[in-house]
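Protein chains: 2
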Amino acid sequence: MRDVAALAGVSLKTVSRVINRESGVSPEVVARVDDAAAQLDYRPDMNASNLRRSDGRTGTVGLLLEDVANEFSAAAHAGVEYAARQRGIAVLASSTLGDSERERGLVRALSLRRVDGLIVAPCPGDQGYLAAELAQGVPVVFIDRPGRGLSAPSVVSDNMVGARRGVEHLLTLGHRSIAFLGGISAVATAQERFGGYTAALAAAGVPSADQTIVRDIGSIDMAAGVAGAILDGPDRPTAIFSAQNQITMGVVRALRKRGLQHQIALIGFDDFTLADLLDPGVAVVAQDPRAIGERALQVLVDAMEESVDGATSEILVPTTLIIRPSGEIRPE
Amino acid sequence: MRDVAALAGVSLKTVSRVINRESGVSPEVVARVDDAAAQLDYRPDMNASNLRRSDGRTGTVGLLLEDVANEFSAAAHAGVEYAARQRGIAVLASSTLGDSERERGLVRALSLRRVDGLIVAPCPGDQGYLAAELAQGVPVVFIDRPGRGLSAPSVVSDNMVGARRGVEHLLTLGHRSIAFLGGISAVATAQERFGGYTAALAAAGVPSADQTIVRDIGSIDMAAGVAGAILDGPDRPTAIFSAQNQITMGVVRALRKRGLQHQIALIGFDDFTLADLLDPGVAVVAQDPRAIGERALQVLVDAMEESVDGATSEILVPTTLIIRPSGEIRPE
DNA sequence: TTGAAAGCGCTAACAA
DNA sequence: TTGTTAGCGCTTTCAA
Numbered sequence: 002m003r004d005v006a007a008l009a010g011v012s013l014k015t016v017s018r019v020i021n022r023e024s025g026v027s028p029e030v031v032a033r034v035d036d037a038a039a040q041l042d043y044r045p046d047m048n049a050s051n052l053r054r055s056d057g058r059t060g061t062v063g064l065l066l067e068d069v070a071n072e073f074s075a076a077a078h079a080g081v082e083y084a085a086r087q088r089g090i091a092v093l094a095s096s097t098l099g100d101s102e103r104e105r106g107l108v109r110a111l112s113l114r115r116v117d118g119l120i121v122a123p124c125p126g127d128q129g130y131l132a133a134e135l136a137q138g139v140p141v142v143f144i145d146r147p148g149r150g151l152s153a154p155s156v157v158s159d160n161m162v163g164a165r166r167g168v169e170h171l172l173t174l175g176h177r178s179i180a181f182l183g184g185i186s187a188v189a190t191a192q193e194r195f196g197g198y199t200a201a202l203a204a205a206g207v208p209s210a211d212q213t214i215v216r217d218i219g220s221i222d223m224a225a226g227v228a229g230a231i232l233d234g235p236d237r238p239t240a241i242f243s244a245q246n247q248i249t250m251g252v253v254r255a256l257r258k259r260g261l262q263h264q265i266a267l268i269g270f271d272d273f274t275l276a277d278l279l280d281p282g283v284a285v286v287a288q289d290p291r292a293i294g295e296r297a298l299q300v301l302v303d304a305m306e307e308s309v310d311g312a313t314s315e316i317l318v319p320t321t322l323i324i325r326p327s328g329e330i331r332p333e
Numbered sequence: 002m003r004d005v006a007a008l009a010g011v012s013l014k015t016v017s018r019v020i021n022r023e024s025g026v027s028p029e030v031v032a033r034v035d036d037a038a039a040q041l042d043y044r045p046d047m048n049a050s051n052l053r054r055s056d057g058r059t060g061t062v063g064l065l066l067e068d069v070a071n072e073f074s075a076a077a078h079a080g081v082e083y084a085a086r087q088r089g090i091a092v093l094a095s096s097t098l099g100d101s102e103r104e105r106g107l108v109r110a111l112s113l114r115r116v117d118g119l120i121v122a123p124c125p126g127d128q129g130y131l132a133a134e135l136a137q138g139v140p141v142v143f144i145d146r147p148g149r150g151l152s153a154p155s156v157v158s159d160n161m162v163g164a165r166r167g168v169e170h171l172l173t174l175g176h177r178s179i180a181f182l183g184g185i186s187a188v189a190t191a192q193e194r195f196g197g198y199t200a201a202l203a204a205a206g207v208p209s210a211d212q213t214i215v216r217d218i219g220s221i222d223m224a225a226g227v228a229g230a231i232l233d234g235p236d237r238p239t240a241i242f243s244a245q246n247q248i249t250m251g252v253v254r255a256l257r258k259r260g261l262q263h264q265i266a267l268i269g270f271d272d273f274t275l276a277d278l279l280d281p282g283v284a285v286v287a288q289d290p291r292a293i294g295e296r297a298l299q300v301l302v303d304a305m306e307e308s309v310d311g312a313t314s315e316i317l318v319p320t321t322l323i324i325r326p327s328g329e330i331r332p333e
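Dropping the structure here:
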């Protein structure tokens, strides 16, 4: 910047004014400074600028995802990035891999880099430690599920309503024996989806006590095993509602192994690539991770600007029931 | 930091020394400073630190991907992130969406934030403008394909050998009529894959002039259309080699529509989720985007440390032929 | 409309 | 082993 000032024959401050497009500089001087800057290929240093600036903003936010490589996280990331870019904000994204130690380490690394805000898909564990960030004026927004031990806004799928719609569809087709296969029940999302399932049954006057319900399924293989046992058992259901991506894939494997994929109806929570190309295409309650990301950034920016801390709003992003052939199978 | 110094009763510089774990501070003082820092929950400001530091490193690199949401990009991102984290480096990732205007804008945004290096999956267009970054001492590494107009290292799949292996496998099964469906031929990767195809045929003494070859396929629908025309035509091949992800999916659709998926062999370049769950499972030449990402970061860090500019090495990351049922179909 | 001086939080270079 | 002074590149505050 000094060089630019020298070349344009003005003071440092004037160059600063021109670079930041402040008013009150004569057009002639502006042109001269712009020329000099272009000639020297001058790039302002945002870090230095933010150091002195009164608002101290770095124009960078941190994003903690479960794993940037997984489909849901990647789509959420794309949403955050899209909304951020429109506002000239850059995104530092990292993967927690579900490890809360790692989560803390990453938060620290982001904190050292003075991010203006944090979007976090919380790991199992407690997020109370983030209070320190809030205290420093760095707002936090949770995505996918609310964090624990911290009062901060969250942006999540409407799990309850989504699951309910899916199960209602099966009921409409005439199914009365609808198995539920769910994930780790300590996770809030799993609870809500289960809630949607029971609510739909209750509304239809179908006792959930008669249903096959297995929760706390932790892997795709476990899901395949559980589904297999259910299909081979005495009370084989006419339909299955699976509350999570990985579980759905396990169920697909189990159904196919037994050649039952065209007999037993299946609706899964959360869409996945090529679900439509499987045989039969798998019906799902699709989330909108991209919208979650966009919305989260928006909420974060609002919090940054109004510096309203600790407002615990929960924003529900709607889901969409996508009917594919597996969801059109009627009970025999 | 001033507060910490005051609380510990030492000078600023001593606190700095302790924070940076420099040698030559008495253990007693170290303890005192650490205590004070913990008590005040002091977080050093990396930006301020880097401003004064002689090497001027921000500990942040930029990553430009086609789209953080697509499978290949996301896996490469995970690789970069993994390797970066081990070195305490943060990653600013953005999506170019294949738009070279956008690419330039993103580079600028990263440049303002003083990233220490840049990993770029180049858009169609020219990357000569990145010479300015190199001139500033910011190294550039290309991934997925080499950039144009700039002498910089690249880390890419071994497209030639990968395609060759895939086609060789079909030849081994006895196929002599193997159609080639390829992407935009201006792209370097597409050229190399086509080269692998012709090389395999040539080595087996099969004239490529007799083969059905369609290049410049730009979308999944176009691929389905082209594949359909080929399958319905007079010279129906006994096998298809598709040179790209999207094209493979189009071919799958076309085959299935005609009920030919168990008669015509198919091998695609680039793996995709659930390829094994399709019927039949689709054989592929799998890339290793994660390894590409890890390697790219490693090369970048080397360049950052040795400040060796303009060395144009091309690192080839091996591919793996994954045989699934579609790749075991013999000619009738 | 423009500029001079001070200082953001930190580290380099030197001195004690 | 510890501290002092200057200054990184920029913006603020105040004066001209």
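Residue numbers (our numbering), protein chains in the order written: chain X, 2 to 333; chain H, 2 to 333. All C-beta atoms, glycine included, are put in the ideal place defined by N, C-alpha and C.
Is DSSP giving residue i helix, strand or coil here?
| i | result |
| --- | --- |
| residue 65/X | strand |
| residue 229/X | helix |
| residue 129/H | helix |
| residue 393/H | As displayed, chain H neither begins before 2 nor continues past 333, which places residue 393/H out of reach and without an answer. |
| residue 27/X | coil |
| residue 118/H | strand |
| residue 267/X | strand |
| residue 218/X | coil |
| residue 12/X | coil |
| residue 5/X | helix |
| residue 207/H | coil |
What whole-angstrom Cβ distance do residue i and residue j have, given they're in contact under 8 Å?
| i | j | result |
| --- | --- | --- |
| residue 128/X | residue 99/X | Going by Cβ atoms, the distance from residue 128/X to residue 99/X rounds to 14 Å, so no, they are not a contact pair. |
| residue 294/H | residue 60/H | Residue 294/H to residue 60/H, Cβ: 18 Å. No contact. |
| residue 153/H | residue 139/H | No, residue 153/H and residue 139/H are not in contact; Cβ-Cβ is about 11 Å, not under 8 Å. |
| residue 279/X | residue 279/H | 7 Å |
| residue 322/H | residue 167/H | 6 Å |
| residue 229/H | residue 197/H | The pair is not a contact, with the Cβ atoms about 25 Å apart (cut-off 8 Å). |
Mind checking if residue i is an interface residue toward chain X, Cβ cutoff 8 Å exclusive?
| i | result |
| --- | --- |
| residue 75/H | yes |
| residue 45/H | yes |
| residue 79/H | yes |
| residue 110/H | yes |
| residue 186/H | no |
| residue 92/H | yes |
| residue 48/H | yes |
| residue 70/H | yes |
Against chain H, with Cβ distances strictly below 8 Å, would residue i count as a contact?
| i | result |
| --- | --- |
| residue 115/X | yes |
| residue 263/X | no |
| residue 274/X | yes |
| residue 141/X | no |
| residue 104/X | no |
| residue 280/X | yes |
| residue 302/X | no |
| residue 131/X | no |
| residue 252/X | no |
| residue 52/X | yes |
| residue 82/X | yes |
| residue 313/X | no |
| residue 271/X | no |
Could you name the residues of the same chain whose beta carbon sits closer than 8 Å to that of residue i, not counting the 5 residues immediately before and after it, in chain order?
| i | result |
| --- | --- |
| residue 235/H | none |
| residue 205/H | 169 and 172 |
| residue 116/X | 59, 61, 62, 63, 93 and 139 |
| residue 144/H | 77, 120, 121, 122, 155, 156, 157, 293, 294 and 297 |
| residue 33/X | 9, 10 and 11 |
| residue 222/H | 251 |
In chain order, what residues of the same chain lie with their CB nearer than 6 Å to the CB of residue i, ignoring the 5 residues before and after it?
| i | result |
| --- | --- |
| residue 249/H | 243 and 269 |
| residue 158/H | 288, 318 and 320 |
| residue 124/H | 97, 99, 101 and 104 |
Who are the near neighbours of residue i in its chain, counting only those whose CB is closer than 7 Å to its CB and skipping five residues on each side?
| i | result |
| --- | --- |
| residue 227/H | 182, 215 and 218 |
| residue 313/H | 152, 153 and 154 |
TODO: At 3 residues or longer, and completely inside the region 269-329 of chain X: list those beta strand (DSSP E) runs for me, N to C.
DONE: 284-287, 315-318 and 321-323
Open item on the list: My parser needs the alpha helix (DSSP H) runs of 4 or more residues fully inside the region 144-202 of chain H; what are they?
Closed with: Segments of the alpha helix (DSSP H) lying fully in the region 144-202 of chain H: 160-173.
Open item on the list: In chain order, what are the residue ranges of uninterrupted alpha helix (DSSP H) at least 4 long that sit wholly in the region 43-102 of chain H?
Closed with: 47-53 and 72-87
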